[in-house]
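**Q** Quick note on numbering: numbering that gives the first Met the number 0 labels position 122 of the sequence shown as 121, and the sequence is numbered without any gaps.
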Amino acid sequence: MPLFQQKEHLVDLQRVISAMPNMRVWAPTPLPLPDEMLAIATNAELAAVLRHAVDASGQPKRYLAAQSLLNRSQLYYLIDPARNSLPRKPAQLVRLLESCAVPYRQIVQVAEQWQRLDECRNAARIRLPEAA
Numbered sequence: 000m001p002l003f004q005q006k007e008h009l010v011d012l013q014r015v016i017s018a019m020p021n022m023r024v025w026a027p028t029p030l031p032l033p034d035e036m037l038a039i040a041t042n043a044e045l046a047a048v049l050r051h052a053v054d055a056s057g058q059p060k061r062y063l064a065a066q067s068l069l070n071r072s073q074l075y076y077l078i079d080p081a082r083n084s085l086p087r088k089p090a091q092l093v094r095l096l097e098s099c100a101v102p103y104r105q106i107v108q109v110a111e112q113w114q115r116l117d118e119c120r121n122a123a124r125i126r127l128p129e130a131a
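#1: V53 and C99 look like a contact to me (Cβ under 8 Å); what is the Cβ gap, rounded to whole Å?
#2: Pick out whichever of P89, L30, I78 and Q105 has its Cα sitting closest to the Cα of G57.
#3: Once the 5 residues before and after N83 are set aside, which same chain residues still bring their CB inside 7 Å of it?
#4: Quick check: Q112 and L37, are their CB atoms within less than 9 Å of each other?
#5: Buried or exposed for V101, please, with buried defined as at least 16 other CB atoms from any protein chain shown within 10 angstroms of its CB.
#6: Measure the CB-CB distance between Q73 and A64 and report whether it falls below 9 Å.
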């Protein structure tokens, strides 16, 4: 006889279903970033903000990587202080900060700083021809 058709398991299943309306859905407690960290001027400062958010969340890095749709290696790359890199796409940054339970208004501030740094990075790639 299949497990779900046994009477004792059916009673347990009914008990679980009847308790569902009383169950709370887990929601992370918002973890605001310190205001002094939001004045991001360099790539290293952005990495420090991401590292602080990841550490403050208290979640395993593999969990945060899965939640933010990143590879674990990408997550470690983004928070590594020795590297001077930016996330390639703003969605990576936003998903990571959301997974770390950073408040929305601070996510917007960090994304605006990322955009400014990305524009500077792209401007540095464009080389003007030298005057003859």
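Ideal Cβ placement from N, Cα and C applies to all residues, glycine included.
**A** Looking at the coordinates:
#1: For this step, residue 53 is matched to residue 54 along the sequence shown. For this step, residue 99 is matched to residue 100 along the sequence shown. The pair is a contact, with the Cβ atoms about 6 Å apart (cut-off 8 Å).
#2: Position 58 of the sequence shown, counting from 1, holds the residue named residue 57. Out of P89, L30, I78 and Q105, the CA that lies nearest to the CA of G57 is found in L30.
#3: For this step, residue 83 is matched to residue 84 along the sequence shown. Contacts found: N42 and A43.
#4: As a working mapping, residue 112 is identified with position 113 in the sequence shown. As a working mapping, residue 37 is identified with position 38 in the sequence shown. Closer than 9 Å, so yes.
#5: Taking the first residue of the sequence shown as 1, we reach residue 101 at position 102. The residue in question, V101, is buried, as its Cβ has 16 or more Cβ neighbours within 10 Å.
#6: Position 74 of the sequence shown holds residue 73. Position 65 of the sequence shown holds residue 64. Contact flag set, yes.
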